[in-house]
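Colleague:
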Amino acid sequence: MILELLAQAPPAPEVVTTGEAVTFWILGPLALLGALGMVFARNAVHSALALVGTMFCLAVFYIVQQAPFLGFVQIIVYTGAIMMLFLFVLMLVGRDSSDSVVEVLRGQRLAALALGIGLAVLLVAAVGRSLTNITAAGLPADGPGYSGNVTGLGALIFTDFLFAFELTSALLITAALGAMILAHAQSRGHLKRGQRATVTARLRGEHDRISPLPGPGVYATGNSVAVPAVLPDGSIAPESISAIIDATPVREVEDEPGPDAHALTGGRSDETDRQAGTDDDIHEDHR
Amino acid sequence: MTPTYYLLLSALLFSIGAVGVLVRRNAIVVFMCIELMLNAVNLSLVTFSRINGELDGQVMAFFVMVVAAAEVVVGLAIIMSIFRTRRTASVDDANLLKY
């Protein structure tokens, strides 16, 4: 009898522990700082990294607030997958595509800032006034709060929220298809010009010269890249000189003795013998 | 301290995200601000779930995460295609639908 009454009694209001308060007062300002950094960083990559920090703080809040499954999903899906996707697209688009400082609408930033502050004040006032005196029921630590969290979520998703869950699958398939179509449709925009079209364009004078550039070394004494082509009158064709080689400073080779051809056979002068290793000394002994 | 502080933090994060959407011109950063707003709402949903002692709020946050993932994929693909045709990721320059 007493046990039944105890089972029907409402759960005792949950007390926020000191550890949770410390966590909140450390990570809450960090999350706010990350959000502000994301909005005000000029470099988009810095914005993304600041948002990653904020999301990590939120993940810790989820875990503290008896939602461990959502906390880890937040880390894996948001900071792991979504933010990396953001970084990939940032690198594809180019890091230099930072914001322009030009205001298209006059005073738009100030108005946006004022609206944002107003929204924040309204939300904080409404939430703060209506909810200061409530006591949280809390999820039981031995039930859906901690150990039974995944089980409880799964039971809810596959019973009460089953239809929404199935709609989710359709949504994901649609999103994947849409991303593939949107990301691949542009290759038709850049048609490659064929050989015949290129020749016609050349003859029409769209290029600098009709013939292709002369290769280096043509009609010259050597076939090296560094040797310029020679025109029929003996002069150097200026187009055939590689700009890189032309601009590279050349140092004259000093008068060093080249590699000794006798180094392999052993018949050398005494001076080089002394510099050589022990193997050569053994050879000398044999001699 | 009561769980209400989480709601206050969530409200502040949401406001910052809204300001970012209005202020920033880079389309990718605008997207990140939308993600921040979704995250703030998720935090409030988790807090509501804790206040009420029910798991429904967490399930809703879970669905919000799924929808956010799908939205990011499609949105970033759109930004990529805009960048390929216009060579820019600024929302000011995307003023025509086709070209």
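So the sequences go chain by chain: G and V. Just so you know, my numbering puts 117 at position 117 of the first sequence, and the rest follows in order with no gaps. Counting the second sequence from 1 gives a position; my numbering is that position plus 287. Built from N, CA and C at the ideal position, the CB exists for glycine as well. If you're wondering where the values come from, they're calculated on a predicted model, not measured in any experiment.
If the criterion is Cβ atoms closer than 8 Å, does the pair V/Leu325 and V/Ala355 meet it?
Modeller: Yes; because the gap between Cβ atoms is below 8 Å, this pair is in contact.
Colleague: Between G/Thr54, G/Ile63, G/Ala48, G/Leu49, which lies nearest to G/Gly19 when the distance is taken from Cα to Cα?
Modeller: Closest option to G/Gly19, Cα to Cα, is G/Ile63.
Colleague: Using a Cβ-Cβ cutoff of less than 6 Å, which residues in the same chain neighbour G/Ile157 once the five nearest sequence positions on both sides are dropped?
Modeller: If we look at G/Ile157 and ignore the five residues flanking it on each side, its Cβ neighbours are Phe165.
Colleague: Going by C-alpha distance, which of G/Phe163, G/Lys192, G/Ala137 is nearest V/Val333?
Modeller: Answer by Cα proximity: G/Ala137.
Colleague: Counting only Cβ pairs nearer than 7 Å, list the residues of chain V close to G/Tyr62.
Modeller: Val333, listed in chain order.
Colleague: Count the other CB atoms within 10 Å of the CB of V/Pro290; is the residue buried (16 or more) or exposed (fewer)?
Modeller: The residue is buried, with at least 16 neighbouring Cβ atoms inside 10 Å.
Colleague: Quick one, which residues of the segment 293 to 315 of chain V are near chain G if we go by CB-CB under 8 Å, in chain order?
Modeller: Cβ contacts with chain G come from Tyr293, Leu294, Leu295, Leu296, Ala298, Leu299, Leu300, Phe301, Ser302, Ile303, Gly304, Ala305, Val306, Gly307, Leu309, Val310, Arg311, Arg312, Asn313, Ile315.
Colleague: Could you name the residues of the segment 41 to 61 of chain G whose beta carbon sits closer than 8 Å to any beta carbon of chain V, in the order they occur along the chain?
Modeller: Cβ contacts with chain V come from Ala44, Ser47, Ala48, Leu51, Thr54, Met55, Leu58, Phe61.
Colleague: Taking V/Gly340 as the reference, which of G/Ser169, G/Ile134, G/Ala111 has the closest Cα?
Modeller: V/Gly340 has its Cα closest to that of G/Ile134, out of G/Ser169, G/Ile134, G/Ala111.
Colleague: V/Asp379 and G/Val104 look like a contact to me (Cβ under 8 Å); what is the Cβ gap, rounded to whole Å?
Modeller: Right, their Cβ atoms sit about 5 Å apart.
Colleague: Below 8 Å on the Cβ atoms is my contact criterion, and I expect V/Leu296 with G/Val127 to pass it. Report the Cβ-Cβ distance as a whole number of Å.
Modeller: The Cβ separation is near 10 Å, so there is no contact.
Colleague: Check distances from the C-beta atoms of the segment 358 to 371 of chain V to those of chain G and list, in chain order, the residues that come in under 9 Å.
Modeller: Going along the segment 358 to 371 of chain V in chain order, one finds Glu358, Val359, Val360, Val361, Leu363, Ala364, Ile365, Ile366, Met367, Ser368, Phe370, Arg371 with a Cβ nearer than 9 Å to chain G.
Colleague: Quick one: complete alpha helix (DSSP H) runs, 4+ long, within the segment 59 to 88 of chain G?
Modeller: For the segment 59 to 88 of chain G, whole alpha helix (DSSP H) runs of length 4 or above, ordered along the chain, are 68 to 73.
Colleague: Kindly indicate the opening and closing residues of the alpha helix (DSSP H) around V/Met319.
Modeller: Its alpha helix (DSSP H) spans residues 314 to 339.
Colleague: Pull up the distance between the alpha-carbon of G/Thr168 and that of G/Leu213, whole angstroms please.
Modeller: Each residue's alpha carbon lies about 59 Å from the other.
Colleague: For G/Ser47 and G/Val39, what's the separation of their Cα atoms in angstroms?
Modeller: Going from the Cα of G/Ser47 to the Cα of G/Val39 covers about 7 Å.
Colleague: Beta-carbon of G/Ile76 versus every beta-carbon of chain V: anything under 8 Å?
Modeller: It does not; no Cβ of chain V falls within 8 Å.
Colleague: Exposed or buried, G/Phe69, counting other C-beta atoms within 10 Å across all chains shown (16 or more means buried)?
Modeller: Burial call: buried.
Colleague: Name the chain G residues whose beta carbon is nearer than 7 Å to that of V/Ala348?
Modeller: Leu70, listed in chain order.
Colleague: Helix, strand or coil: which one does DSSP assign to G/Val230?
Modeller: Here G/Val230 sits in strand by DSSP.
Colleague: Our contact map puts G/Ser240 next to G/Pro228 with C-beta atoms below 8 Å; I'd like the distance itself, whole angstroms only.
Modeller: The pair is a contact, with the Cβ atoms about 5 Å apart (cut-off 8 Å).
Colleague: To the nearest angstrom, report how far apart G/Thr159 and G/Leu153 are at their CA atoms.
Modeller: Whole-angstrom Cα-Cα distance: 10 Å.
Colleague: Does the distance from the CB of G/Met83 to the CB of G/Leu58 come in under 8 Å?
Modeller: In this structure, G/Leu58 does not lie closer than 8 Å to G/Met83 by Cβ.
Colleague: Is the Cβ of G/Thr79 closer than 8 Å to any Cβ of chain V?
Modeller: With 8 Å as the cut-off, G/Thr79 does not count as an interface residue toward chain V.
Colleague: Please report the straight-line C-alpha distance between V/Ala298 and G/Ala21, rounded to a whole angstrom.
Modeller: Going by the C-alpha atoms only, they are around 18 Å apart.
Colleague: Determine which residues of the segment 24 to 39 of chain G have a Cβ less than 7 Å from any Cβ of chain V, and write them out in chain order.
Modeller: Under the 7 Å Cβ criterion, the segment 24 to 39 of chain G contributes Phe24, Gly28, Ala31, Leu32, Ala35, Leu36, Met38, Val39.
Colleague: List, in order along the chain, the chain V residues whose C-beta lies closer than 8 Å to that of G/Ala112?
Modeller: Val306, Leu309, Val310, listed in chain order.
Colleague: Looking at the C-beta of G/Gly152, does it have a partner C-beta in chain V at a distance below 8 Å?
Modeller: Chain V, which has a Cβ nearer than 8 Å to the Cβ of G/Gly152, makes this yes.
Colleague: Give the DSSP-derived three-state secondary structure of G/Ile236 in the structure shown.
Modeller: The answer is strand: DSSP assigns G/Ile236 an E or B state.
Colleague: When the Cβ atoms of the segment 171 to 182 of chain G are set against those of the segment 359 to 373 of chain V, are three or more pairs found closer than 8 Å?
Modeller: Yes: at least three Cβ pairs fall under 8 Å.
Colleague: Could you give the DSSP three-state label for V/Ser368: helix, strand or coil?
Modeller: Three-state DSSP puts V/Ser368 in a helix.
Colleague: Let me confirm a value: G/Arg149 is counted as buried when at least 16 other C-beta atoms fall within 10 Å, else exposed. Which label applies?
Modeller: Inspection of the sequence shows that residue 149 of chain G is occupied by Asn rather than by Arg. G/Asn149 should be labelled buried.
Colleague: Excluding the 5 residues preceding and the 5 following G/Arg274 in the sequence, name in chain order all residues of the same chain whose CB lies nearer than 8 Å to its CB.
Modeller: Only weak support is given to the placement of G/Arg274: the predicted model assigns it a pLDDT of 49, under 50, and the value that follows is read from those uncertain coordinates. Contacts found: none.
Colleague: Excluding the five sequence neighbours on either side, which residues of its own chain have a C-beta within less than 6 Å of the C-beta of G/Ala35, listed in chain order?
Modeller: Same-chain partners within the cutoff: Thr54.
Colleague: Note down, in chain order, every chain G residue with its Cβ under 8 Å from the Cβ of V/Asn382.
Modeller: Those within 8 Å of V/Asn382 in chain G number zero; the least Cβ separation is about 10 Å.
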